[in-house]
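Working notes for the structure below.
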C-alpha cells in the first residue's frame, strides 16, 4: 500500500512538472517582438533577478542560523534528527517555486504583449500558459518534496506512520518562513515601487501609468514579478504542502491507518490530473468580450472543480471504506467554500456590484470620504466569508463523525482544506497570469505599441483582477482551515511528548493562559500589518524622493529627450524591501516561542486560535478594501463621476494607493503568518513542554 | 451587614449627587458673557436639546418593545419577574447621566469662554467643574440604582444573594443598550457635523475652524455635546455599573458570602470620597504653561488613585479577612493597568512623542502616505495595551487564588475592573471637561472675542486631548476586564439553569462550536465598525452637500454679510444620525441571540471571547489612529512641515477627517458593544439553554 501511494504521488508530481516544462517550452517559442520590447523585458528580468539573488543571500543566512539551532535541538534530543533537513528542503522548494514562476513570468511578458498584437486569443493563451507553468511547478514541487520524504522516512529510516507525519510537518516550517520572506519582501518591493511611481508620476507630474518617462516604471514592473509572482508562488507552495501534510497527520491520529494518510495524497494527485485537463478548456475566439474571456477561464477552473468533486466520491469510498466515507462531504464543503469566498470577494471588490460603485460615488465628497468608505467596505466584507468558513468548519467536522470522535472531526476540517486546494494547479494558473498581463501592458506602453494592443492587455489585466479575487478566496479560506488543522496537530504533538498531556489538559477557553494567548494571538495580525505597512510606507517614501529628484535633476526627462535612471529605482526598492522584510519575519518566528515559554502549551493553543480568527478577518478586510479602492478608481477611469483627471479621480487614486499595501503586502502576508505561527509552535513543542514557565 | 452595606452605598451615592449639585450651582453663578455669546450658547443648547428629545423618542420605542418581550419571557418563566423593570431602570439612569452631563456642558461653554477672558485659571476651574458635575452624576446615579435595587430585592422580595446579583446583572442590559444608542447616535452626529464642516469649510472654502460663516459650525458644537458628553456619560455609566455588579455576582459565586459581594460596593463608595477629595487639588496659577495645567489635572487624579490604592489595602483585609486579602493586588493591578494603558495611548497619540511626529512627517509625501502611516500607528499601538491587559488578567487571576479556585481567579479579574473604575468620578471629570473647553473655543471664535481668549481655550482644549487619552485607557481597559467578568457570569448563569451545566460542559477551545463562536465574535467589531463608519460617511455626505449648497445659494455668506442657516444643518445631522443609529444597535442585540440559538451556550462563550479580544484591539486601533492623525495635524499647524495652509497640512486634514469617526464613533462604541453582547447573552440565557439547535 505505502509503495503504491508513494509511486502515485511521485508519478503525479512528475506529471505536473513535465506539463509545466512542456508548457514553458511552448511559451518560449513565441516571439518577444521588437528590439525595444526585448530590451524592456530584459531590464525587468535583470532587475527581478538581481532582487531575487540578493533576497536569497539574506534568506540563506536566516536558514543557516535556524539550521544550526534546530541541529543543536536535535542533538539535545528535543527534535528528531530529520527535522533540520526537512526544514531546509521545505525552504528550498518554496524558493524554487517562486524562482521558476518568476523566470517564466519575466520571459512571457514581452511575448504576451507581442501576441496581443496579433489578437486577444493568442495573448490570453500565452499569458495563461505562463500562469500554468507557475501553477503546475508549485503543485509538482510540493508533491515531489512530500513523496521523497515519505519514501526516505518510510523505507530508508523505517519510521512508523505517526513519526513520519510528525517529521514531515516540520518541513512546513521551512516552506512557511521562505514564503513569508518572499511575500513580505516582494510585497514591499512591488508596492513601494507602485506607490512611488503613482504618487509622483500620476498624481504630481500627471503622466499616465507605465509612462517611460517615469523613473520608477521599470521598478514597478519588476515588482509585479517579485511580489505578485515569486511571492505568490512561495506562498501557495506552502499552503498546498501544509494542508496536505496536516491532513495526513490528523488522518493518522484519527484512524491509525495508512489509508487515512493516503487519502489527502491521492486527492492531491488526482487534483493534478483534473487541473491539467481543465487547462485545455481555456481558449476563446477572437474579439471575445470581457465576459467571454472570463467565461473561458471559468470554464477551465469549474471543469476541474466539478471533475474532482465527482471523482473524489468513489475515491473516498474506496480508500476509507463504508465506515468513514462521509468525509467526502468535508472535501466537498471545502471546495464549495473556496468558490463562495471567492464570489464574496468579487462582490465586494468588482465594479459590477454595488459596494465598489457606491465607493466610487463617495469620491464626490473628497478623499477623506473615499478612504472611510473603503475601510468600511473591507470591514463589512469580513462577515460573509466568516459565515462561510464557519459553516464549512461545522459541516466538515460533523459529517466526518466529529460528534462521536473529535479527531475524526478535525481530520474532516483538514480534508476540507485539501479539497479547497486540490485544483490549485489551475486556480493558481488563472491567478498568476494576471501579473504577466499587467507587465505586458507596461511593455506595450513603454514600447509605444499601437493602442489596440494596450486595450487587449488591459482587457486581460482587468480580467486578472477578477480571477485574482477568486484566487484570494482560496488562499485565505485554505489558510484558515489549514491553520486550524495545524493547531490540532500541535495538540497531538504535545500529547505525544513525555509530560505533555498534563500540560495541555485544560484548554478551557476561560483558563487565563488560553485567554491571554488568545488576546496576544489576535493582536499579532494587527502588529504584523502595521510593520509591513510601515515598511511599504518607508520604502515608498524613499522612492518618491528619488523619483522627484530625477524629475528635477535630469534635464529633458519630461520632454522625452533624456532617459530616466531606472536602475537606481530598482536598486533602491531592492535595498529597502530586503532591509524591511527581516523584522516582520523574525517577529513571526520568535513570538510563538516566547509565548510558549511564558504561558505554556495552553497559551500557545490560545494564541493560534486568536491569530487564526483575527488573521482571517484582517486578511479579508485588507484584501477587500484594497481591491475595492483599486476597482473604484478603474470605474471612475471608465468615465463616471468625472472620469480620469478629475478631482474625484485624484481622490480615488489616493484610495488606490492606500489600498496597495493593504491588498498586496499586508493582507496576503497574514495568510502565511497564521500558518508559520503553528509551524514554529510544532517544531518547538518539546522545548515548550520542558521549559515553559506556566 | 446587608443593611450597613446598602446604607453606605446609598450614602455615597447621595454624597456624589450632592457634590455634583453643589458644583453645578457654583458653575451657574458665573456670567455667560456678552449677548452674542449667550445667543450662540443658546443655539447650541437648543440644538442639543432637540436632538436628545428626538433620540429619546426613538429609544423609548426600542425599550417598550424589549420590555414587552422580556415581560412575555418572564411570564413564561424564562426570566425572573424583576428583569423587565431592572432593564428599564438601567436604561433610564444611563440616559439621565447623559442628559444631565449634556445640560451642564451646554450651560458652561459660554461661561468657560467668558471666564477665559479673565484668565486661564478661572477658565480651567469653570470647565473642570462642569466636567466634575458630569463625573459625579454618573457615579452617583450608578450607585443609587444599585443600592435601590439591592434594597428592594433583599428586603422587599427577600431573595437570596445569588438571585439578587443575577437579577441585577440584567439591568446592565438596559444601561448598555441605552449607552450604545447614545454613543452611536451622538458619535454619528458629532462626526457628520465635524467632517462636513471641515471638508467644505476648512479644505474647500479655506475658512478657519469655528468660523461663523460655516453653516455647519453650530451643528459641530452641538455634536461635541451630544456625542462627546451625553454619549460618554451614558457609556461610562454602563461601564461603572457593569463592572461593579459583575464583581458582586462573581464574588457571591466564588465565596458564597455577602462579604464578597460587599467589597466592590465598598470600593466604589470609598472611590467616590477619594475622587471628591482629588477635585480640590485641581487648580493652577495664572499664566500657567501647558505642562503646569496638565500637572494640575494629574495632581487631582493621581492623588485620588494613590489614596484609593492605600485605603483599599486595610479595607480588603477587613472585609475579606486573612484568607483572601491577596485580592488587594488584583485591585491594584487594575488601577495600575488603567494608568499604563492611558500612558501608552498618550505615547502613540501625543505630538510630544515620536509616533505622531513621524506621522506628521509622512505628510511630506502626500495624503496616501499619511493615511497608511496613521493606520499603522494605530495597529502597532495595540501591542502594548494587549500586553498590559494580559499581565493584568494573569496577575489578578493568580493573586486572587485562581490557581486553586477558578472562581476566585475570575472574581479577581472583576475586581481589577472595579479598581480601574473606582476613581471614575475624577477621571471622568478630567475627560468631560475637554468638550466644554472645545465648545468654549468655538464660542470665543464665533463671538469674535480677543485672540488671547481663544489661545486660552485652545490651551485647555489641547490639554483635554491628553486627558482624554488617559480616560480612553480606563474606558477600554475596564471594558475588556468587565466583558471577561460578564463572560464568567454568563457561564455561572447557564450552570444555574436546569440542564444548563451539561450544555456548557465542553468549553474546550478546539470544540467547533466554541471555535466558530470565536470566529463570529471576532468578526462583530469589524462589522460594527463598518456600519458606524458608513453611517458617519453617509450622514457627512449629506452635510457636505448642504454646506456646499448654502455657500452657493446664500448670497453674501462668505463676506459675512448674510447669516448661514445653522438650524438646517443641525436638523440634518439629527435626522440622519438618529436614522443611522438603529441598525448597529439592533444588530448588537440580535446577534448573540441568533448565535446562541444555532451554536448553543458554548458558541456564545466563544463569541464573547472572540468579540472581547478583537473588540479590544479594534477599539485601541481606531482610537489611537484617530488620535494620532488629530495631533499630527495640530503639530503641523504649530508651524512644522510647512504649517497651516500648506499641501502637507491639507494631507493632514484628510487624515484627521478619516480619524474622526475612528476615534469618536466606531472606537468608543465597540467598548459598549462587547459588554452589551454579554449582557444580552445573560438575559436570554434560559432561552438558549432550552431552545438552542446544537
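Residue numbers (our numbering), protein chains in the order written: chain A, 1 to 694; chain B, 695 to 1388. The C-beta atom is built at its ideal place from N, Cα and C for all residues, glycine as well.
Three-state secondary structure (DSSP) at residue i?
i, result
"residue 1202 (chain B)", "strand"
"residue 1326 (chain B)", "helix"
"residue 236 (chain A)", "helix"
"residue 353 (chain A)", "coil"
"residue 149 (chain A)", "helix"
"residue 62 (chain A)", "helix"
"residue 214 (chain A)", "coil"
"residue 700 (chain A)", "The requested residue 700 (chain A) is not part of the displayed model; chain A covers only 1 to 694."
"residue 1333 (chain B)", "coil"
"residue 1465 (chain B)", "This structure cannot settle anything about residue 1465 (chain B), because the visible part of chain B is limited to 695 through 1388."
"residue 1356 (chain B)", "helix"
"residue 1253 (chain B)", "coil"
"residue 727 (chain B)", "coil"
Does any residue of chain A bring its CB to less than 8 Å from the CB of residue i?
i, result
"residue 1067 (chain B)", "yes"
"residue 1213 (chain B)", "yes"
"residue 1127 (chain B)", "no"
"residue 1076 (chain B)", "yes"
"residue 810 (chain B)", "no"
"residue 1091 (chain B)", "yes"
"residue 1202 (chain B)", "yes"
"residue 1383 (chain B)", "no"
"residue 1308 (chain B)", "yes"
Counting only beta-carbon atoms, is residue i nearer than 8 Å to chain B?
i, result
"residue 514 (chain A)", "yes"
"residue 345 (chain A)", "no"
"residue 534 (chain A)", "yes"
"residue 486 (chain A)", "no"
"residue 329 (chain A)", "no"
"residue 631 (chain A)", "no"
"residue 670 (chain A)", "no"
"residue 466 (chain A)", "no"
Mind checking residue i: buried by the 16 CB within 10 Å criterion, or exposed?
i, result
"residue 1392 (chain B)", "The structure shown does not extend to residue 1392 (chain B), since chain B spans only 695 to 1388, so no value can be given for it."
"residue 749 (chain B)", "buried"
"residue 902 (chain B)", "exposed"
"residue 160 (chain A)", "exposed"
"residue 1148 (chain B)", "buried"
"residue 256 (chain A)", "exposed"
"residue 719 (chain B)", "exposed"
"residue 695 (chain A)", "Because residue 695 (chain A) is not part of the residues shown, which for chain A are 1 to 694, the question remains open."
"residue 1129 (chain B)", "buried"
"residue 1253 (chain B)", "exposed"
"residue 798 (chain B)", "buried"
The region 330–342 of chain A contacting the region 398–415 of chain A, beta-carbon criterion three pairs below 8 Å | Here the region 330–342 of chain A lies against the region 398–415 of chain A, with 3 or more beta-carbon pairs under 8 Å apart.
Would you be able to state if there are at least three C-beta pairs under 8 Å between the region 503–513 of chain A and the region 184–192 of chain A?
-> Counting Cβ pairs under 8 Å, fewer than three are found: no touch.
Check each residue of the region 903–916 of chain B: if its Cβ is closer than 7 Å to any Cβ of chain A, include it; give the result in chain order.
-> The residues in question: there are none.
The region 1332–1358 of chain B: which residues have C-beta closer than 7 Å to a C-beta of chain A, in chain order?
-> So the list reads 1348, 1351, 1352 and 1355, given in the order they occur along the chain.
Does the region 386–404 of chain A touch the region 672–691 of chain A, meaning 3 or more C-beta pairs lie closer than 8 Å?
-> Contact between the region 672–691 of chain A and the region 386–404 of chain A is absent: fewer than 3 CB-CB pairs across the two stretches fall below 8 Å.
For the region 545–562 of chain A against the region 1096–1104 of chain B, are there 3 or more C-beta pairs whose distance is under 8 Å?
-> With the cut-off at 8 Å, the region 545–562 of chain A and the region 1096–1104 of chain B do not touch.
Report yes or no: do three or more beta-carbon pairs, one from the region 489–507 of chain A and one from the region 597–608 of chain A, lie closer than 8 Å?
-> Verdict: yes, contact present.
Per the contact definition of three or more C-beta pairs closer than 8 Å, is the region 219–234 of chain A in contact with the region 162–172 of chain A?
-> Contact between the region 162–172 of chain A and the region 219–234 of chain A is absent, because fewer than three Cβ pairs lie under 8 Å.
Using 8 Å as the Cβ pair cut-off and three pairs as the minimum, do the region 1031–1046 of chain B and the region 1163–1170 of chain B touch?
-> Inter-segment contact for the region 1031–1046 of chain B and the region 1163–1170 of chain B is present: three or more beta-carbon pairs are separated by less than 8 Å.
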